[in-house]
Structures are given as structure tokens and as C-alpha cells.
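Input: a single structure, listed below in C-alpha cells.
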Amino acid sequence: MSVIVALVVACAGSPTAAPSTPSIPFTLAIEPVAFIGMTMSGSRAVFLVTVSGSPSDGPVDIAASATGAAVTVQPQALEPGVVGEVTIVPGAVTGDVELDVAISARRGDVERDEVRTLIVTQGEVEDSLRAEADAHLAPFVAWLGTEHPELGITDATAWEGMRGSWVLIVEHYLYFSDEWELDLEWHVMVPPSDWSRISLRKRWTEARPSFAYEIESVAGGDAPREIAPPEAVWR
Numbered sequence: 163m164s165v166i167v168a169l170v171v172a173c174a175g176s177p178t179a180a181p182s183t184p185s186i187p188f189t190l191a192i193e194p195v196a197f198i199g200m201t202m203s204g205s206r207a208v209f210l211v212t213v214s215g216s217p218s219d220g221p222v223d224i225a226a227s228a229t230g231a232a233v234t235v236q237p238q239a240l241e242p243g244v245v246g247e248v249t250i251v252p253g254a255v256t257g258d259v260e261l262d263v264a265i266s267a268r269r270g271d272v273e274r275d276e277v278r279t280l281i282v283t284q285g286e287v288e289d290s291l292r293a294e295a296d297a298h299l300a301p302f303v304a305w306l307g308t309e310h311p312e313l314g315i316t317d318a319t320a321w322e323g324m325r326g327s328w329v330l331i332v333e334h335y336l337y338f339s340d341e342w343e344l345d346l347e348w349h350v351m352v353p354p355s356d357w358s359r360i361s362l363r364k365r366w367t368e369a370r371p372s373f374a375y376e377i378e379s380v381a382g383g384d385a386p387r388e389i390a391p392p393e394a395v396w397r
């Protein structure tokens, strides 16, 4: 009987350990390196996150935190070749406040850590810029639906909007659909210097805009025309 038991145990063997995450080295890139303007409390600030390597290396776990702000990470398991988004919504502030955002990436025993700093200023109870931004966006959307249907942007496209970080004279408003990030900017000046522009970044696959269009004079009723896209997203 003891021989039979020994044979059964030998055949069964010891429990197989779960495979560990491979510690394949990678680099972490975060855009932008620094914000150009200020971020309003209650509005969203979005960092773009990528890691080096190939999809076969496996995903990298992304985490982020910021004291006094709500933070979301999409996706939390980031594959090489995918552009992730870390979204920060600062809480209420008085005056101008520096907000440090800590972003970490880990795969196995390999970890990369970065810190970015936002200048947050007091926000508004209501988004007073959305109606004006929508009016500037409308001619671009109508034109794209006719001239560039391959982009899939039409009057039916659902956008989530937010104020972009701001500086004087030029207003920025950011729109996000499921597929696109659209940065709208317009020059707060009289004709013929009252231009408006949009740039488009395909979410999850692009870290910088790939298309851009300009209306040379809004009051003049100029049609949009294609221009060179900016080298980086506006933040």
C-alpha cells in the first residue's frame, strides 16, 4: 500500500507556481513635459503616457496620484504601442497653486517614476466658454463631414468638452470623442486677425496631432483649410 501511495504522489508532483511577470526593461514617456498655461480647478488636465518595447513584452502597470485632485488612468495595464491617458481634476483652490502629479510604471521588478507639476488657478462654477467654443467648432465639423468623411467627424459626433490650459489673447478648448482629441483655439482679436484653428489627435494610438485646419478670419466667413499640425498637444 505504501508503494502505491508513493507512486501517486510522484505522479501528481508538486503544485505549479504561477508564472511571474517578466522584468523586461522599458522607458516611460509622458507628454507634455510641462504645461504652457494654467489649469483651472474643476477642469481636466490630461497627460499622455507611452512605454517603449513591443506588445510581446507584455503590459506595464500605470498608476498616478496627486494630492487634492481626482486621478484616473486609462488603461491601467498599458501595452507598448498604446497611448494611455492620465486625467487630473484639481480640487478647489484659492489663488494659484502648484500641484505635483506622480506617475509610476511597473513591469515585474522594473519601475519608472516621473513627476509633473501643474499650476492650478481658481476655476468657475459653470463653464462659461462652452457656448462660444461650440460656435467656433461648428463650421469645422460641417466642413470635415463634407470634405473629409474618412475622419468620421460629423454633426452626430458626441464630444465631451473642457477648457484647455490658457494664456492671454488665444483661447483653447479641448474636445474628446471616443476616437479623437480635438484642440480648438481662436484668436481673440478683430478681423482680419480673428483666426480659429483645430488640431486632431487619434486617441490611444497617437501622442501628437496628425491633422490641423484653420479658418483665417471667422468674421470674414472664410472656409477651413488644411495646415501643418502642431508638434505637440496643447496643455
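Going by our numbering, the final residue of the sequence shown carries number 397, and the count climbs one at a time with no gaps. Cβ atoms here follow ideal geometry from the backbone N, Cα and C, with glycine treated the same way.
- By the neighbour-count criterion, in which a residue is buried when 16 or more other Cβ atoms sit within 10 angstroms of its Cβ, residue 228 is buried.
- The three-state secondary structure of residue 255, taken from DSSP, is coil.
- In this model, residue 351 and residue 244 are separated by some 39 Å (Cα to Cα).
- The region 316-353 is shown to contain whole beta strand (DSSP E) runs of 3 or more residues at 322-325, 332-338, 342-349, in chain order.
- Residue state for residue 280 is assigned as strand, using DSSP reduced to three classes.
- Straight across, the Cα-Cα distance linking residue 262 with residue 280 is about 6 Å.
- If only complete runs of 3 or more residues are kept, the region 203-228 shows the beta strand (DSSP E) at 207-213, 222-227, in order along the chain.
- Cβ-Cβ separation between residue 235 and residue 224: approximately 5 Å, consistent with a contact (criterion under 8 Å).
- In the DSSP secondary-structure assignment, residue 361 is bridged to 345, 374.
- By DSSP's assignment, residue 272 forms a beta bridge with 269.
- Beta-carbon to beta-carbon, residue 253 and residue 230 are separated by about 5 Å, close enough to satisfy the 8 Å threshold.
- Burial state of residue 258 is exposed, judged by a 10 Å Cβ sphere holding fewer than 16 other Cβ atoms.
- DSSP places residue 292 within a helical segment (H, G or I) once states are collapsed to three.
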